[in-house]
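To start, the structure under review is shown below, and the notes come after it.
2 protein chains.
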Amino acid sequence: METTKRKRLERKGWKVGTVQEFLGLSNEETAYIEVKLALSKTFQRRRREKRLTQQQAARLLKSSQSRVAKMEAGDPSVSLDLLVRSLLALGTPKRALGRILSSS
Amino acid sequence: METTKRKRLERKGWKVGTVQEFLGLSNEETAYIEVKLALSKTFQRRRREKRLTQQQAARLLKSSQSRVAKMEAGDPSVSLDLLVRSLLALGTPKRALGRILSSS
DNA sequence: CGAGAATATGTCACAACTGACATATTGTCA
DNA sequence: TGACAATATGTCAGTTGTGACATATTCTCG
Numbered sequence: 210m211e212t213t214k215r216k217r218l219e220r221k222g223w224k225v226g227t228v229q230e231f232l233g234l235s236n237e238e239t240a241y242i243e244v245k246l247a248l249s250k251t252f253q254r255r256r257r258e259k260r261l262t263q264q265q266a267a268r269l270l271k272s273s274q275s276r277v278a279k280m281e282a283g284d285p286s287v288s289l290d291l292l293v294r295s296l297l298a299l300g301t302p303k304r305a306l307g308r309i310l311s312s313s
Numbered sequence: 210m211e212t213t214k215r216k217r218l219e220r221k222g223w224k225v226g227t228v229q230e231f232l233g234l235s236n237e238e239t240a241y242i243e244v245k246l247a248l249s250k251t252f253q254r255r256r257r258e259k260r261l262t263q264q265q266a267a268r269l270l271k272s273s274q275s276r277v278a279k280m281e282a283g284d285p286s287v288s289l290d291l292l293v294r295s296l297l298a299l300g301t302p303k304r305a306l307g308r309i310l311s312s313s
């Protein structure tokens, strides 16, 4: 299944751009994945800066440790909605969100 | 139901910030809604600039006219995912997405 | 005004996302 | 090393988002 393949590659830290042709992704799809990965990395960074465990962050977001782990792993089962809401819940200003997207 | 109420207010063009206390929304929720509305308005603007009908835009996005209408109306049943993917499909650069969020 | 195009609204079956749980793996420190 | 904390992975039932359709409403021009 394509989604699984993509996920595996993302996990390995491959730059998506590199495998774009191989996976047959359109530009929009690539951009979309890049945005998600950028949000996911930022979430992890902010959580760590706040010295929160995934468990604590999960409580804050009314979610679960496993979902937080998936968010940070860039798991395809995680929506952009959840990523954005989570970042906002960690107190990220919209202005900062904008910067993340702009430079993803 | 609260969601319905919120939707009705959004449709009327009320600034969400104004009714935040009334609806009992947290700051994150407010920010989240503002982001969605900003994306939704931008999508409509870009579609019109390209002189596309909702029908044509829908075909482009592999969606339906009714869903496009809901996207532009800020309907709560529309996800941030769909809004972002749609904007990307219309050729919006990530940089522009960032600006939208930053200033929402 | 009136007809045809565009847009809006309501509904629904199906698909995608979600929190929660169990469990495995990795990290840390004595 | 071993024990405990943190993180990762897999699964699933319940919830939310989705395209599609029917139909209503609004726009636009003659």
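Line order of the protein sequences matches chains Y and D. Sequence positions in the first sequence follow the numbering used here and run 210 to 313. Sequence positions in the second sequence follow the numbering used here and run 210 to 313. For every residue, glycine included, the Cβ atom is placed at its ideal position computed from N, Cα and C.
Going by beta carbons, Y241 of chain D and L297 of chain Y fall inside the 7 angstroms limit. Against S286 of chain Y, chain D offers no close residue; the least beta-carbon distance is about 12 angstroms (beta-carbon pairs closer than 7 angstroms). R254 of chain D sits away from L299 of chain D, with the two beta carbons spaced by 7 angstroms or more.
For G307 of chain Y, the closest Cβ of chain D is nearer than 7 angstroms. In the displayed model, K271 of chain Y falls within coil according to three-state DSSP, outside both helix and strand.
The residue from D:Q264, D:K303, D:E237 with its alpha-carbon nearest to that of L269 of chain Y is D:E237. As the crow flies, the alpha-carbon of S272 of chain Y is around 16 angstroms from that of A282 of chain Y. In this structure, V277 of chain D keeps its C-beta atom at 7 angstroms or more from the C-beta atom of Q265 of chain D. Using beta-carbon distances, A240 of chain Y counts as an interface residue toward chain D, with a partner under 7 angstroms. DSSP, reduced to helix, strand and coil, places S312 of chain Y outside both helices and strands of the structure shown, so it counts as coil.
If the five residues before and after S312 of chain D are omitted, its C-beta is found closer than 8 angstroms to the C-beta atoms of A247, all from its own chain and listed in chain order. Taking 7 angstroms as the CB threshold, V293 of chain Y lines the interface with chain D. The alpha-carbon separation between K245 of chain D and L292 of chain D amounts to approximately 8 angstroms.
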